[in-house]
Amino acid sequence: MEELIRAGLGELGLAGRVPDNAPALLARYGEMLLEKNQVMNLTAITQPQDVATLHMLDCAALLGCADFAGKTLIDVGTGAGFPGVPLAALVPSLTVTLLDALNKRVDWLGDTCKALGLDNA
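Per this note's numbering, the sequence shown starts with residue 8, numbered consecutively.
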């Protein structure tokens, strides 16, 4: 998944504009998502290559639409953390608040962001 994300970031013109560890962080997030999805319905997308392209790279494509550096973002109805968590990984200076109606998702996202070292989410 990491290599697919790295290649996709390059195709989006983001190579060199995002942290070097971003593909690894996004791949780890994808793995954690798929693992938790076995016991909690987070996404209907269950193939690693689809998680990479349809979740991670779709979120990354937003970086071509606006400058998120140094901004604050609230991801309302974040669900499994999209687009907030990937954007937090891709733009460390972005402060992200993840908001969802289900505490179990918010709790999982909090644990996940902590495990990934995303202090900005």
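Every residue gets a Cβ at the ideal spot worked out from N, C-alpha and C, and that includes glycine.
Could you tell me which residues DSSP puts in a beta bridge with residue i?
i, result
"residue 118", "Partner(s): none; residue 118 has no beta bridge."
"residue 81", "104"
Within 10 angstroms of the Cβ of residue i, are there 16 or more other Cβ atoms? Answer buried if so, exposed if not.
i, result
"residue 76", "exposed"
"residue 71", "exposed"
"residue 118", "exposed"
"residue 104", "exposed"
"residue 91", "buried"
"residue 26", "exposed"
"residue 108", "exposed"
"residue 116", "buried"
"residue 106", "exposed"
In angstroms, rounded to a whole number, what distance separates the CA positions of residue i and residue j?
i, j, result
"residue 45", "residue 52", "12 Å"
"residue 40", "residue 47", "10 Å"
"residue 62", "residue 112", "17 Å"
"residue 110", "residue 21", "33 Å"
"residue 100", "residue 89", "18 Å"
"residue 11", "residue 56", "7 Å"
"residue 79", "residue 102", "5 Å"
"residue 127", "residue 42", "23 Å"
Residue i and residue j look like a contact to me (Cβ under 8 Å); what is the Cβ gap, rounded to whole Å?
i, j, result
"residue 49", "residue 96", "About 17 Å; that fails the 8 Å criterion."
"residue 59", "residue 8", "5 Å"
With three or more beta-carbon pairs closer than 8 Å as the criterion, would you say the stretch 32 to 39 touches the stretch 118 to 125? With a cut-off of 8 Å, the stretch 118 to 125 and the stretch 32 to 39 count as touching, because enough Cβ pairs lie within range.
Do the stretch 76 to 86 and the stretch 14 to 30 meet, that is, are 3 or more Cβ pairs less than 8 Å apart? Counting C-beta pairs with one atom in each stretch, the stretch 76 to 86 and the stretch 14 to 30 have fewer than three that are closer than 8 Å, which means they do not touch.
Taking one C-beta from the stretch 58 to 68 and one from the stretch 16 to 25 each time, how about it: are there three or more such pairs within less than 8 Å? Using a Cβ-Cβ distance cut-off of 8 Å, the stretch 58 to 68 and the stretch 16 to 25 are in contact, since at least three pairs of beta carbons, one from each stretch, lie closer than that value.
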